[in-house]
Amino acid sequence: MMLRILSFVAALLLLAWAQPELSLPFNAGSSGSSRFLNFNGNGQSSIRLYVKQNLSEDVPVNTLVTSVGASQDASNGGKLPFRIDRTTDPKRQFSIDANGNLYTAQPLDREEFPSYKLGIEAYDTNGNIGRLGVEITVTDVNDNAPVPYTVPFPCVFMENTDPNNQPTCEIRAYDRDERQNGPPFDMRVGAGFKYGNFLSVTFDSAGDNGNGSMTVKALQRFDREAEFPGKSISIPIVITDNGGLSSERDVFVVIGDENDNPMQDGRMQIMVNSYMGKLEKTMIGRVYVDDKDDWDLGDKVFVWEESLPGFTLAPNGEITMAAGMATGVYELVAKVTDKKRNEEARGWVKVVVSSLSDNAFQNQGSFRILKGPGGYTSAADFLKTDANGDSPMTKFKEAMAGFLGGTTAINVFSIKEDQADLQTSKTDTVDVRFSAHAGKERNSVLLNGLVAQHKADIEKILGAPIVSVGIDMCKFTLCDNGCQTENTADYAGVVVSANRTVVVGVNAYSKDKCVCPVFDPPPQCEAGVCYNDGVCHNTHPGFFCECRNNQLKGFRCQGTTRSFDGQGYAWFKPMPACTSLNITFQFMTKEPNAMLLFNGPMGRNSSGQNVDYGDFVSIQLIAGVLVADLNFNGRTPTRLDIPKSPKLNDGKWHSVYLTQTGRSLDLVIDNCVDQKEDQSGTADDSMCRRRDRTLDDDERLNIVAPLQIGGLAPLSGQAEYPGNVMIGNGLKGCMRNLYVNHDQYDLATPAIAVKSKEGCGYWGTACDSNSLDSLNYCVHGDCFADADAKIPKCVCDPGFGGDRCDRPIEWIEFGAGGSITYDVSVALMKQASEVGILLIPGKANAGSGQLGFGSVTNGGSVAPYVSTFIEQYAPKAEVNYDNGIRSHIGLNQLRLHDNTSYWYQFNRNPARLTLGVDGVYQTTEILTPYHGQGLNVPINEIRLGSSGNNGFSHDFRGCVGTFRWDHNNLKLTKEQNRDVRAGQRHLRAAATPEPEIISIKDSIGVQEGCSIRTTCAKLGSSFCAGGFICEDFWKGPFCTCPEGAKTILEEKGTLVGCGEMLAVSTMGVTTATIGVVLASLLALLLLILILIIVSMRSTKQIAQDIRPEDLKNENLKHYSMEGGGESGNNRHNISGLRKPVMPMESGDLGPAKIFPASRPVDDRLNSRINDLETDPNTGPYDELRMYNTEGDNVSRLTLDSLESASDETPNGAVDQDSERWGPRFNDYGNRE
């Protein structure tokens, strides 16, 4: 390969030589096709060129530095694209375009990088690398003003000292520019100096060896504790270098302290954060007593007066806490003696020790506060209280709790001084890390997103600028490809003291890790693998997520669908910082304008004291047309749109694929399956696809803000989103199946959701079941439908089939030479194919075998085909198109295991090939039409287990439980009575079954069942113990909890126990069903009301007034006559009403007892009352009845009235029962 210098802007020194070189390609180890054309046989050899050039540091951005080109030979005729090795350009200050033009991309700073040795690279698909070295020397310009400083530093004038006895201080200056742009300096005092009565400041041009300096002298005695001038005096100095560049900076004179003030008792609180409860032995602060003096520590002696084990006190007041101190509150008291003033005071110390879990640490929010001019002087400023006793820390915690709502507890666990990299310099910062807990830890996406959203408000609370939200180490990294910020901590403590308040924080730090931070399936269960409390089962190797909620249809228990009302949004984790990006999702709306997806800065700040993130990606719908914008390195964004596409706001589901590989961009809608071809076979994909290249070669998006879908969150203050991002229009519709770099996002649990909910509310009742067996129409599958559609669509879970995904699969086993051949009665799509196979590989043929195979029969010659197979246990696929082009794809790093179930998926369309296993292992191959020809495969015959004369040569040996082709569940045996529906479009009540479009033509060497499949029945009842049950999943048998029982999971998500049965069970009663039930109840209530009215009318007619002629004397009694109401009294005896207790037959238990054994106690009273009321010799009763009192018509008898009746006992014996009743009954018991 030849590399040639085309042109450059200044004189260059060119050196070149040839040497063998073994180098890995840029995308080594990753899946996907290369971005470059092949070299013609030029192997592992390249020519290195070095270019030397000078650039001024004030050169404008987008200045052409040089131009390079690369080619193999004259016959090739094509150019090879270039990129910059970012390890040689960590701050992305240069860019090279597709034509080899090298530009400046960011401002240069000689004081930070005086020179560069850029590595320019070109690649081809064979792995050849061409390198060009460009060495740039940055020349100086006068762009740095002089900076003053004092000698000595600091300059100190003691209080209570005569001015003549004070030393003098000298103010000198330094300049970061080279000597010709530096001294001699001219200095003068700024106009804002207000301490002329205290200090004399004079300039001496000969001072500092001719560089120029100023002399500072005291003019009067100082009192450090006085309000004016205070503990330090600032002197504004206007300083100018010999090039005329000037600036105004402050220098400070410190007023020294003497022990001239009394001390008093003091109280302090020390908040200790122990990382994982393992804080090592740490000095946690100094005992505080109230004393205006600051420098009198040497005069004080500290001893414990009340102490606790684990705390030691040094004579200078420093408190040391032992390692591993338990969480809790510790109260301590120290006695402080001032030896010079002969005074004593007490210092009360409250130590609050709390443990910080690793989960809380990893879910931290963070921000960096400016330290220096315009910001904090030290980390202690974050803790200092105002007149109301509030500090910036307490105000921040209150504000964050308000943003989060509820009873969220905010814990600031680390405050630490550090430095942040800016574009052309470094700046001092105070790093603050915090966590939020509300039942569970709130994640970093939410915390950092809220700080970014309310940044302007939080800066007012802090009283200082925020340099950056989040502590990101990937903005300026030496990582050439992917990058991830890794937060770590040790067990040391970082002490920040503001006298009364001390925080012992976690010693946390961040570093960059050179990896592409995408989901990499672990070999076994790990924390966070399964979402939404899914149970993780180890499959040795690998894992399987059991989703206890049937609404979660992701393979890792993710929610798949989310809906928005046009004014909402939802936050998710940001895009990974990788040099390749693959975004795919589906959306549905009827509105022409909508923000679908945005990930980028929540407000821009181009000031020199802020880390400015300009990278972003946005996908919008503008006037019904899909538009994608990507901005790398903060420069002009690249826009991709498809103006010829049909309007996408038609209420139907549309798929979006946005791919970035290096500098290549590809936007595809609806998989391009409807692309047109002319009579010559030339394909026109302009209606569904747009390809382009980025304007510069910065291939990695650096984003720390949350990914926002469905809309954008409003920002505080004057913050704004990038100008080409549509702000006002959110999505009024739904989004589903969002994947980023093959990682499916969990749409069920966003970090925050505003006016958005899980599921889709715009397809009406199409997916409602109206039955008790399932909440969804698709019992074991994912249901979706177009807006207002009545025809749902089901995507069945592996292991289920049928119209509603309600039929478990039945396995078949392939023997030697076994295969199934299918007839295709209706032409399938030529542009796309989707294949799904649930299989168990056997040990035969070394784990190799043909799976699904589709082709067109044409007399036995080689024909276009789609072939899916495993080769030495590696899943692969191959497509031979009708134009002779062949594509292949494979998961070469994955090895399947025999006797284990796998869900194999292969999709192909004109834009890409995708191969996946179990929904977690995936790879994609980007396709480009060859000279405009379409990539078609006509299919009229499908085989399972054998490819015939074409495709892979080995027959499959193993078991198959499901075989799908283009959404059709194909029969596995002729006896299976399964309806096969094209595209799984199921009517709720179809009058007649749809005809099968794919039917079995021939089946040989296949038997029902699977001898190599492990099941619960084979394992036996003893396989699961401890309250678990064995259940056969499509992935295999696993021990789990009974349906409805609460699962108890350990840290890695595996099952350790079963809790109580949940009180609520899922019932498939939908909104429509509820409406019918309510209508029925209303009708029933109306009917009851009518019956009540009719009944009341009938009763009124019967209960008429009594006519006068019906009144008879015998029907009425005149109660005005004394005793008139007593002749109709009833005679009664309660004994006649008592239910007798029958004696039991004694049997062998002895003689029967007579019940009751004695006379009831009330019989005698009742007998007396009866005789009294029925004695014919008595006159009218002296009883008064009050009939005008409601409820008081009961006859009243007193014990005294009982004397009027006689009840003699036999033989004059005394009634023994009455004696037990008390004195008032004695006369009654003894009366004869």
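Position 351 of the sequence shown, counted from 1, bears residue number 351 in full-length UniProt numbering, the numbering being contiguous throughout.
Note that CB positions come from ideal geometry on N, CA and C, so glycine has one too.
Just so you know, these numbers come straight off a predicted model, no measurement behind them.
Asked                                                                                                            : Found
Simplified DSSP state of C734, which is helix, strand or coil                                                    : strand
Identity of the residue in D698, C688 and A683 nearest T638 by Cα                                                : D698
Distance between R172 and I239 (C-alpha atoms, nearest Å)                                                        : 10 Å
Own chain partners of P841 with C-beta closer than 7 Å, once the 5 adjacent residues on each side are dropped    : G847, I870, Y873, L896, D898 and G958
C-beta atoms of M473 and D428 nearer than 9 Å                                                                    : no
Close-in-space but distant-in-sequence residues of the same chain around N261 (CB under 7 Å, 5 per side omitted) : E225, D291, K292 and D293
Where F222 sits in the DSSP three-state scheme                                                                   : coil
Between the CA atoms of N448 and G182 - distance to the nearest angstrom                                         : 43 Å
Proximity test, P929 beta-carbon vs the ligand ZN heavy atom, cut-off 8 Å                                        : The model on display carries no ligand, and the ligand ZN is accordingly not part of it.
K553 to G710 span [Cα, whole Å]                                                                                  : 21 Å
Buried versus exposed, by CB contacts within 10 Å (16 or more), Q453                                             : buried
Classification of I120 by the beta-carbon crowding that lies within 10 angstroms, buried from 16 upward          : buried
Inter-residue spacing [alpha-carbon to alpha-carbon] between V920 and A145                                       : 57 Å
G662 beta carbon less than 9 Å from that of R83                                                                  : yes
C-beta atoms of S563 and G761 nearer than 9 Å                                                                    : yes
Inter-residue Cα distance where the pair is V68 and D85                                                          : 15 Å
The region 520–527 / the region 1041–1060 touching (three or more Cβ pairs under 8 Å)                            : yes
For residue 1237, the first and last residue of its enclosing alpha helix (DSSP H)                               : Within the shown structure, residues of the chain are numbered from 1 to 1232, placing residue 1237 beyond reach of any answer.
Delimiting residues of the beta strand (DSSP E) encompassing L462                                                : Unbroken run through L462 is the alpha helix (DSSP H), K455 to L462; no beta strand (DSSP E).
Same chain, Cβ closer than 7 Å to K397, five either side skipped, listed in chain order                          : I410 and V412
G1036 vs E813 beta-carbon contact at 9 Å                                                                         : no
Collapsed DSSP secondary structure at A345 in the structure displayed                                            : strand
T477 versus Y509: straight-line alpha-carbon distance, rounded                                                   : 16 Å
Beta-ladder partner(s) of M263, from DSSP                                                                        : D291
Per-residue burial, Q905 [other beta carbons within 10 Å of its own, 16 or more giving buried]                   : buried
Limits of the unbroken beta strand (DSSP E) element including G374                                               : Where G374 is concerned, there is no enclosing beta strand (DSSP E), given that its DSSP letter is neither H nor E.
T962 in three-state terms, based on DSSP                                                                         : strand
Where E699 falls: helix, strand or coil (DSSP)                                                                   : coil
With 16 other Cβ atoms within 10 Å as the buried cut-off, status of S1146                                        : With a pLDDT of only 43 at S1146, under 50, the local geometry of the prediction cannot be trusted, and the value read off the model is given with reservation. Exposed: under 16 other Cβ atoms inside 10 Å.
Alpha-carbon to alpha-carbon, S435 and A363                                                                      : Looking at the sequence provided, one finds Asn at residue 363 rather than Ala. Approximately 7 Å between the Cα atoms of the pair.
Segments assigned beta strand (DSSP E), at least 3 residues, entirely inside the region 857–888                  : 865–871 and 874–880
Proximity below 9 Å, CB of L422 to CB of L596                                                                    : no
Sequence-distant residues of the same chain with beta carbon closer than 7 Å to V611, five excluded per side     : A420, L422, V467, S468 and K475
Residue(s) in a DSSP beta bridge with G285                                                                       : I319
C-beta contact flag for R690 and I642 at 9 Å                                                                     : yes
Span separating the alpha-carbon of Q264 from that of V289                                                       : 6 Å
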